[in-house]
Each structure stands twice: as C-alpha cells, then as structure tokens.
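According to our numbering, the sequence shown is numbered sequentially starting from 73.
Have a look at the structure below before the remarks.
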Amino acid sequence: MSLLQFNTSSWKMFSSTILQSVLLVAILFVASTSPATVPGTTKAGKPVDRTGKQYNRYYLHQCHKDDPQVNECLIESANTLLKNFQRGIPELGVTNVEPIVIDEIHLALGSGPNGYRATFKEVTAYGVSNMTVIGARSDLSSNQFQFTFHVPKISIRAHYRSSGVLIMVPATGGGEYWGEYDDCKAKVYLKASEYSRSDGRRYLRTEDLKMDFTVKNLKMGIEKVHNGNQILEAALNLFINSNSQELLKEMKPDIKKKLLVQMKTFLDDHLFAQIPYDEWVV
73 MSLLQFNTSS
83 WKMFSSTILQ
93 SVLLVAILFV
103 ASTSPATVPG
113 TTKAGKPVDR
123 TGKQYNRYYL
133 HQCHKDDPQV
143 NECLIESANT
153 LLKNFQRGIP
163 ELGVTNVEPI
173 VIDEIHLALG
183 SGPNGYRATF
193 KEVTAYGVSN
203 MTVIGARSDL
213 SSNQFQFTFH
223 VPKISIRAHY
233 RSSGVLIMVP
243 ATGGGEYWGE
253 YDDCKAKVYL
263 KASEYSRSDG
273 RRYLRTEDLK
283 MDFTVKNLKM
293 GIEKVHNGNQ
303 ILEAALNLFI
313 NSNSQELLKE
323 MKPDIKKKLL
333 VQMKTFLDDH
343 LFAQIPYDEW
353 VV
C-alpha cells in the first residue's frame, strides 16, 4: 500500500461537514477566474508571459526531493501560493478571488411523493481565500500528495427552492439561504503523472483527486420566504438549526462533486500546464 493510498474508512469518521480548493486551495478559485495570460518559458527555462517578457515565479517556493523535511517545505510552498492568490496573480489570470460561486447544490430528505427536495442556486461563499495549509504528506517517487487546509470562517448565501413535506409541514416554496461555517478543515488527496512537452521540460497532470471536509461549528437558516409565510419560515429554521450538521452531511456529496470538477480544471489548465514540474520540485 502506498504512503498516501486514499483511506476511505478513516474519512468516514468525519461525521458531518464544508469545503473549501483548491489546494489545493487554489482550486476553489476557478469558479470566479479565467486565465488572462499564457505563460511559457525561454530556451533557458526562464518563465515568460505572452509578450515574451521574463518574470520571476514570485508565487512559488521551490522544494527539493532529497530534503528530509520536504513535507514542511510543501506546506510553506502551498501557503506561499495561497498568500499570493489572496492578492491576485495576474500571470495566471487570477485577479478576483472572492467570492467563490457554485452554480447549484441539491438536498433530498426522505423518499416518495412527499419527500423534501431543495435546490440551492448561486451558492456564494466568502472567506475561503483566508485558508492556510496546516499539514502535508507526500510520496514524491509516485507524485502523490495530501494537504490539510484550515479556513477560520466561511459565510454562505444562496437562493433556494423547495418542495415536499418537512416535519409534517408543507414546505413548497423558496427564499434566501444563509450559513455561517466556523473552523472548517479540508483534506485533499492528489496523484499526478509527469509528461514531456515540446519545450523539453516535464509537466504534471492530475490522475486522481479526492477530498473531504469538516465544519466544527455551523449555523444556517432561511429568510425572505416566498409569500411571507412566517409559520413556515419559523418551522423550517427550527428544524434547520436543530439538524444543521445532518443537513450538511446530506449536501456534502454534491458539494464535493462540484468542487472536485473545479479543482481538476484549475490544476490541469491553470497551474500544471503553465508551470514546469522542476519549478515546483527539484
């Protein structure tokens, strides 16, 4: 078994939970950014932008494979990248890093015609860019990495529509959803492969990507319920606040699925494809 073989049973111990990318971190920013420049390299291996002007990879901290403290170096490297993401990295097309937006998340409770169904649209998250990397494991011989991230606080806002029955109350309608997620942690596992390009240098591409997350303290609720049904709003908020972790647990698979798609796109198209591997690790 490899050092970083994904441990499903241990991740199931996370009873309920969010998150936020990218790694990782950086991964979560793909929802709100697009590349403005296409960096490359000179024949001497110096990074250049689209105009051919050389520049330094100020947002990278290079690590060495033979460093006995390589995992500590990877933590420093990831946090250097994150700090620069907060300020923006024009060379990678990263300017506005907040908010993070997920187009749609689904929630289903119960089965049958009266089962409760809710759709959250334009899920907007603030505070994700304040994340830091607090742990790393690696097997550089097989290009496997696992990063642990911490985000102090994430504020979520979304529009929602629902149907069905919840706690014996007809809950068809819609309104605004809010959530305050405190002390969030995420683990991201990455396995990459190397390949050569016409410039003679080696690059990475994602082979496997997994993640899980937890939220220690969570508050959420709804407001501005359509038709001004105060009884429905009060009943739903009572249920939501009494079962917030379980509700997040039900939403978690859809959240993870959408974040992983964004992460892989960001890593392969905007980081790995633009930065040779030997500028990350030598």
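Ideal Cβ placement from N, Cα and C applies to all residues, glycine included.
Quick caveat: nothing in here was measured; it's all calculated off a predicted structure.
So for residue i, helix, strand or coil by DSSP?
| i | result |
| --- | --- |
| T123 | Here T123 scores only 44 on pLDDT, less than 50, and its place in the model is too uncertain to base an answer on. |
| E322 | helix |
| I347 | coil |
| L96 | Confidence in L96 is poor, its pLDDT being 33 and thus under 50, which makes the residue's placement too unreliable to answer from. |
| V169 | coil |
| D341 | helix |
| R233 | strand |
| S183 | coil |
| V353 | strand |
| Q216 | strand |
| I239 | coil |
| K328 | helix |
| M335 | helix |
| H133 | coil |
| S106 | In this prediction, S106 has a pLDDT of 32, which is less than 50 and means its spatial position is unreliable; what the coordinates show is noted afterwards. Correct three-state label for S106: coil. |
Looking at residue i: is its Cβ nearer than 8 Å to the Cβ of residue j?
| i | j | result |
| --- | --- | --- |
| G246 | Y232 | yes |
| D280 | K259 | no |
| I290 | L320 | Correcting the residue type first, residue 290 is Leu in the shown sequence and not Ile. Yes, they are a contact pair. |
| I226 | A180 | no |
| E176 | K193 | yes |
| K137 | L212 | yes |
| H202 | V223 | Before going on, a small fix: residue 202 reads as Asn here, not His. Yes, Cβ-Cβ distance for N202 and V223 is below 8 Å. |
| I228 | V195 | yes |
| P185 | R274 | no |
| L304 | V241 | yes |
| L238 | F311 | yes |
How far does the beta strand (DSSP E) with residue i in it reach, from first residue to last?
| i | result |
| --- | --- |
| K291 | R274 to E295 |
| Y198 | Y188 to Y198 |
| R209 | T204 to D211 |
Quick one: give me the first and last residue of the alpha helix (DSSP H) that residue i is part of.
| i | result |
| --- | --- |
| E266 | Segment G245 to S268 is the beta strand (DSSP E) holding E266; no alpha helix (DSSP H) there. |
| V142 | V142 to R159 |
| S314 | Q302 to S314 |
Thinking residue i and residue j are a contact (beta carbons under 8 Å), I'd like their distance in whole angstroms, please.
| i | j | result |
| --- | --- | --- |
| A208 | N143 | 5 Å |
| N215 | A264 | 4 Å |
| D326 | H178 | 5 Å |
| D340 | T278 | 5 Å |
| V205 | F217 | Wrong, their Cβ atoms sit about 11 Å apart, outside the cutoff. |
| S234 | Y188 | 7 Å |
| F219 | A150 | 6 Å |
| T167 | G160 | 5 Å |
| A230 | Y253 | 13 Å between Cβ atoms; not a contact. |
| N309 | I294 | 6 Å |
| G236 | A243 | 6 Å |
| L164 | Q346 | 7 Å |
| V353 | C135 | 5 Å |
| V287 | C256 | 5 Å |
Nearer than 7 Å: is that true of the beta carbon of residue i relative to any heavy atom of the ligand NAP?
| i | result |
| --- | --- |
| P224 | Looking for the ligand NAP in the displayed structure turns up nothing, as the structure carries no ligands at all. |
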